[in-house]
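**Student:**
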Amino acid sequence: MTSQAWLQLLIFAGVLTALAKPLGEFMARMYEGKPCGLDRVLGWLERGIYRIAGIDPTREMGWKGYAAAMLLFSGMGLGFLYALLRLQGSLPLNPQGLGDVSPDLAFNTATSFVSNTNWQSYSGETTMSYLSQMLGLTVQNFVSAATGMAVLAALIRGIVRRNAQTIGNFWADLTRSTVYILLPLSFVLALLLVSQGAVQNFSTYETATLLQPTKDADGKDVAEQTIAMGPAASQVAIKQLGTNGGGFFNVNAAHPLENPTPLSNFLQMLAILLIPAALCITFGSMVRDRRQGWAIYAAMMVIFLPLTIGVITAEQSGVPAAAALGIDQQASELQAGGHMEGKEVRFGIANSAIWSAATTAASNGSVNSMHDSYTPLGGLVPMWLMQLGEVVFGGVGSGLYGMLMFVIVAVFIAGLMVGRTPEYLGKKIEAYEMKMASLVILVPCVVVLVGTAIAVMGPGIEFVDPTSGETKSTLNNPGAHGFSEVLYAYTSAGNNNGSAFAGLNANTFFNNTALGLAMLASRFLLMVPVLAIAGSLARKKFTPPGDGTLPTHTPLFVVLLVGAVLLVGALTFVPSLTLGPIAEHLQMIGK
Amino acid sequence: MKDYLRPAIVVFLALTIVTGIAYPMLVTACAQAFFRNEANGSFIRAGDKIVGSELIGQPFDRTDLFWSRPSATGPHPYNAAASTGSNLGPTNPDWLKAVGERVEAIKKAHPDRTGPVPADLVTASASGLDPHITPAAARYQAKRVADARGKSEQSVLELIDRHVQGRTFGVLGEPRVNVLKLNLALDIK
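Here the protein sequences come in this chain order: A and B.
For the first sequence, the numbering used here puts the final residue at 591, and the numbers step up evenly by one.
For the second sequence, the numbering used here puts the final residue at 780, and the numbers step up evenly by one.
(1) Measure the CB-CB distance between A710 (chain B) and T226 (chain A) and report whether it falls below 8 Å.
(2) If the cut-off is 8 Å on Cβ atoms, which residues from the region 184-198 of chain A count as contacting chain B, listed in chain order?
(3) To the nearest whole angstrom, what separates the beta carbons of G719 (chain B) and A776 (chain B), a pair I think is in contact under 8 Å?
(4) Who are the near neighbours of H754 (chain B) in its chain, counting only those whose CB is closer than 6 Å to its CB and skipping five residues on each side?
(5) Would you please verify whether the beta carbon of K772 (chain B) is less than 8 Å from any beta carbon of chain A?
(6) Could you give the residue range of the beta strand (DSSP E) that holds K640 (chain B)?
(7) S317 (chain A) versus chain B: which residues are under 8 Å apart at the beta carbon?
(8) Cutting at 6 Å between CB atoms, please list the residues of its own chain near N511 (chain A), excluding the five before and the five after it.
(9) Which first and last residues belong to the beta strand (DSSP E) in which R636 (chain B) is found?
(10) So the candidates are A:T111, A:T126, A:V160 and A:A150; which of them puts its Cα closest to the Cα of G136 (chain A)?
(11) Please state whether DSSP places Y669 (chain B) in a helix, a strand or coil.
(12) Could you tell me which of A:T554, A:L185, A:V530 and A:L550 sits nearest to I156 (chain A), measuring between CA atoms?
(13) Could you spell out where the alpha helix (DSSP H) holding L164 (chain A) opens and where it closes?
(14) Taking C-alpha atoms, which residue in A:P466, A:E462, A:W294 and A:R86 lies nearest to L504 (chain A)?
(15) Where do the ends of the beta strand (DSSP E) carrying F657 (chain B) lie?
(16) Just mark F625 (chain B) as buried or exposed, buried being the case when its beta carbon has 16 or more other beta carbons within 10 Å.
(17) Do we get a CB-CB distance below 8 Å when we pair W6 (chain A) with the residues of chain B?
(18) Any Cβ of chain A within less than 8 Å of the Cβ of A700 (chain B)?
(19) Hey, is I11 (chain A)'s beta-carbon within less than 8 Å of any beta-carbon in chain B?
(20) Suppose the cutoff is 8 Å on Cβ atoms and the five residues either side in sequence are ignored; what does the same chain contact list for V558 (chain A) look like?
(21) Look at E390 (chain A) and G379 (chain A) and say whether their C-beta atoms are less than 8 Å apart.
(22) Measure from the C-beta of G638 (chain B) to each C-beta in chain A and report whether the shortest distance is under 8 Å.
(23) Use the C-beta contact count for Q745 (chain B): other C-beta atoms within 10 angstroms, 16 or more gives buried, fewer gives exposed.
(24) Hey, quick one: how far does the beta strand (DSSP E) through P726 (chain B) stretch, first residue to last?
(25) At a CB-CB cut-off below 8 Å, which residues of chain B make contact with I461 (chain A)?
(26) Could you check the C-alpha separation between A455 (chain A) and T491 (chain A) for me, to the nearest Å?
(27) May I ask you to report which of helix, strand or coil DSSP gives T243 (chain A)?
(28) Near D216 (chain A), what residues of its chain come up, given a Cβ to Cβ distance below 7 Å and the 5 sequence neighbours on each side ignored?
(29) According to DSSP, which residues form a beta bridge with E206 (chain A)?
(30) Looking only at its own chain, which residues have a Cβ that is under 8 Å from the Cβ of L571 (chain A), when we skip the five neighbours before and after it?
(31) The alpha helix (DSSP H) with F463 (chain A) in it runs from where to where?
(32) How would you list, in chain order, the residues of chain B whose beta-carbon sits under 8 Å from the beta-carbon of W171 (chain A)?
(33) Helix, strand or coil for K427 (chain A), going by three-state DSSP, please let me know.
(34) Does the beta-carbon of R346 (chain A) have 16 or more other beta-carbons within 10 angstroms, so that it is buried, or is it exposed?
(35) In this structure, does DSSP put M383 (chain A) in helix, strand or coil?
(36) Any C-beta of chain B sitting closer than 8 Å to the C-beta of H553 (chain A)?
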């Protein structure tokens, strides 16, 4: 690892931590219903929405009511988005005249954006009209993120409250998250990105005259370059802040018109982790013990930083076989060196690798380099970060509620070791909470492994080409790497991440449908048990900490929590990782 | 459940209008007001003709021009209406074969360069539209371009140095050279 790479990583982690604190405190005040400052500017919007919807924000819901409201709202979004995509050909704001989206792709895309995954089986600039991008995808970028934050707020209230029947009002949490957090931050970030060169317009695609004409694959002369346009910056801002990750263009944040400069790259990397990191602080503030929030933040960083260093090192080391061909992969003052296939010069090795770790630690899934081309170990890390259950920062809201499930497991294991009833923040952890927490942890594991197994038995790796009728492979690479492509896809969908080993052709009937179902299961089969725990904890009385209570803000507990996360992740996924990236690594260094 | 139907519909519609229409429109209005050039693609114009975008690379193979990185877009390289990377893995024989061929072609075009070829010059970028090459890759090509134009290598190296963009604030990103701008400057000189 070069000194430049160390420096960029340290600055990133430092700025992230510095920004997480004020934002976290701000969100805590907001979710507690206190004046947060912004309500003076945007309060009219929040109150206006309540008025026309007939909502009394002070009327709270029990966990079942909260879950029902959440499911109804998400289901409605799913139906609306599906219809919009199916009909886009006959709707306005479609200057390129793009056609309707096919049923299986529309299902896949709708589930993907409603579940905050933003997996993309399609290529943005050749599939989605501006109307679909704005009214469909951008909207879900906001509200799916706000839904995750709302569920987290409900869980925290469940932990804080005593002998209570309710855990908050879903409509209020949803509206506040959108109006006071996601909208203002996105607006500022979007304009900063435009200042760097991210496009924001409603023009048709522009044509430039090439300085030197070129030839296409058939040998025909090409003298002009068509450049895709559109309202990209506004969508890019929210896709990063809301851990959505779905790109405006096909290559996502590697596209120079989405992510033009190192500064825009830095801002987007911060945006990816900002809200998930800040929510740790929000948690500490709301439970009236800030150390609890910092302990969880520390556990996340303890996992994140070494794995990031792992990716940087792997990519900087390059590929031995390529070096043997006469490529200079050495880092110097004049070049980043390393393995540059699928990476952009302005980002080099360090910023591509830090991004790949950040986007998979958070359930973001946007990419600024092509993970499919990574070295085997460089690609293993992003895959494993997702397989840990998206709890290292994770999605906005969903990352922390997932991590709190691991906290429950960790205090339970600690309780078993000393033979006491486990408790967390004054609440006894009993069989019901353990069952629900186990469900939350195990559902994604099952979805990923069973999904991958079925896919590689045949249906996911071959498809019938509709034009020629031939059976073709969906894989872009042979051998162990091909297996990694499928494992990555089901890992990404089964943990609501959305990044891809993009060589895989996922736009087939089987993959669209199976990945769509995986995304739905891993979102809503997790949210409901989390809310059930919230309801159960809220009802419990407060048990004051005694001599035998395990303190949950100490380095010892951080180690215990990190251990629980890594142990589940390793035991579940090492066998499949061995078949994919590890086998490929041995193959790469073996010759 | 019935109590929730009205809030669900109304909140969804209200947030759709706010985030799906008002927000992108407001960002567009501000972007067009304050950053007109950037918001519209950072185009380089000659008269009323668009020569290209500062941010989008173009393919070159003339001996008197600097060459960009390989591009995986189809049907022609640097197709800015269909961005893509190669997505080839590091152990894929197709990838090693392609890289090997590119190395041979580069070496043949630069007979006086004996050292290894800078990595970015023979590997496809993530977007297929990378506007940059590394300073190492630009310097590697300096003698060929100078010879083709009947100039001294020194003057071309100086031109490259003037076109090197350093790290932002001295730390972020990597040093780089914009190929299109460099080639345009060659023609002007």
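Cβ atoms here follow ideal geometry from the backbone N, Cα and C, with glycine treated the same way.
**Tutor:** Reading it off the structure:
(1) no
(2) S186, F187, A190, L191, V194, S195, Q196, G197 and A198
(3) Not confirmed; about 24 Å, so no contact.
(4) V768 and L773
(5) no
(6) K640 to S644
(7) Here the premise fails: no neighbours, minimum Cβ distance about 11 Å.
(8) Closer than 6 Å at Cβ, skipping near neighbours: G460.
(9) F634 to A637
(10) Comparing Cα-Cα distances from G136 (chain A) to each of A:T111, A:T126, A:V160 and A:A150, the minimum goes to A:T111.
(11) It is coil, neither helix nor strand.
(12) A:V530
(13) It should be noted that the sequence gives Ala, not Leu, for residue 164 (chain A). Looking at the DSSP string, A164 (chain A) is not in any alpha helix (DSSP H), and its letter there is neither H nor E.
(14) A:E462
(15) F657 (chain B) -> no beta strand (DSSP E), and no H or E assigned at all.
(16) Burial call: exposed.
(17) At a cut-off of 8 Å, the C-beta of W6 (chain A) has no neighbouring C-beta in chain B.
(18) no
(19) yes
(20) A295, A298, A299 and V302
(21) no
(22) no
(23) Counting Cβ neighbours within 10 Å, Q745 (chain B) comes out exposed, since fewer than 16 surround it.
(24) Careful: P726 (chain B) lies outside any beta strand (DSSP E), inside the alpha helix (DSSP H) at P726 to R740.
(25) Result: empty, since nearest Cβ-Cβ is about 15 Å, beyond 8 Å.
(26) 12 Å
(27) coil
(28) Same-chain partners within the cutoff: V222.
(29) A:I227
(30) Nothing listed; no residue qualifies.
(31) First-last for F463 (chain A): E462 to V464, but that is the beta strand (DSSP E), not the alpha helix (DSSP H).
(32) P598 and V602
(33) strand
(34) buried
(35) helix
(36) Not closer than 8 Å to any Cβ of chain B, the Cβ of H553 (chain A) fails to qualify, so no.
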